[in-house]
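Encoded as structure tokens, the structure appears first; notes follow it.
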Amino acid sequence: MLRERRKADRSAKTRPEPESLDEDDRNARTHFTLLDVLRMVGGLVILGLLTGKFMTGSVTWDYWTKSSPVGDLTIPSAYWSGQELPLAFSLEQLHEFDGSRPKTPVLLAIQGQVFDVSRKSGLYGPRGPYHRLAATDCSRAFSYRLWSMQGLREPCSSDLNGLSDSARQRVAEWTEFFQTRYPCVGYLTGSEP
Numbered sequence: 001m002l003r004e005r006r007k008a009d010r011s012a013k014t015r016p017e018p019e020s021l022d023e024d025d026r027n028a029r030t031h032f033t034l035l036d037v038l039r040m041v042g043g044l045v046i047l048g049l050l051t052g053k054f055m056t057g058s059v060t061w062d063y064w065t066k067s068s069p070v071g072d073l074t075i076p077s078a079y080w081s082g083q084e085l086p087l088a089f090s091l092e093q094l095h096e097f098d099g100s101r102p103k104t105p106v107l108l109a110i111q112g113q114v115f116d117v118s119r120k121s122g123l124y125g126p127r128g129p130y131h132r133l134a135a136t137d138c139s140r141a142f143s144y145r146l147w148s149m150q151g152l153r154e155p156c157s158s159d160l161n162g163l164s165d166s167a168r169q170r171v172a173e174w175t176e177f178f179q180t181r182y183p184c185v186g187y188l189t190g191s192e193p
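Number 79 in full-length UniProt numbering belongs to position 79 of the sequence shown; there are no gaps in the numbering.
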């Protein structure tokens, strides 16, 4: 009985025979066709378009906006036609322009200057990641380094007192960024140009 067990153990340790291939296995495809490649490329294109829509609000990743001349970006929209710009805004008036009401622009203030950022309502509008910067003056939030999220966590404030020179420089750089890319439609009262 002991010898039989050893024989059984030895036979279990031997390699199993390879499975025999049946007709379906021999005829299975093992290479990609042109149609397979086109499907993969099409899927990646659709994934890229959907990602662009969710990240920038445009399936083209705002390509057409980026390729337009910078001078065109600072022209006020039709909403402001017939009004003499720059307009004076109080903080209470500015709060009305957060993008929650249809057909009203989204405004953002930095260092007392008010910019119409409606063109990027996907970023600054009600569902945008930077919505808390809209309709108020959050100049202090722009004093943090580019990838620091601390500026978005702290309460909005236009007070730049106590900031280092480098932090003030970052605010000035952001102000210049908005001046070159968005129309300046006014200023906050108490901070006339």
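Ideal placement from N, C-alpha and C gives every residue a C-beta, glycine not left out.
Exercise for the section: Out of Gln-111, Phe-97, Gly-112, point me to the one whose CA is closest to Pro-105's CA. Expected result: Phe-97
Handout entry: Whether Leu-142 touches Cys-184 by CB criterion (7 Å)
Key = Reading off the sequence shown, one finds Phe at residue 142, where the question assumed Leu. The answer is no: Cβ separation not under 7 Å.
Problem - Ordered list of alpha helix (DSSP H) runs contained in the UniProt domain "Cytochrome b5 heme-binding" (89-189), each at least 4 residues - result: 91-94, 121-124, 150-153, 165-181
Exercise for the section: State the start and end residues of the unbroken alpha helix (DSSP H) segment that holds Phe-32. Expected result: Unbroken run through Phe-32: none, as it is neither H nor E.
Handout entry: Touching by the beta-carbon criterion (3+ pairs, under 8 Å), the stretch 42-54 and the stretch 139-154
Key = no
Problem - Minimum C-alpha distance to Tyr-187 - residue among Leu-85, Arg-153, Gly-99 - result: Leu-85
Practice task
Could you check which residue in Ser-157, Val-41, Ser-100 has the C-alpha nearest to that of His-131?
Solution key: Ser-100
Exercise for the section: Give me the Cα-Cα distance between Gln-111 and Ser-139, rounded to the nearest whole angstrom. Expected result: 6 Å
Practice task
Less than 8 Å between the CB atoms is what I'm expecting for Pro-90 and Thr-180, so what's the real figure, rounded?
Solution key: The sequence shown places Ser at residue 90, rather than the Pro named in the question. Wrong, their Cβ atoms sit about 26 Å apart, outside the cutoff.
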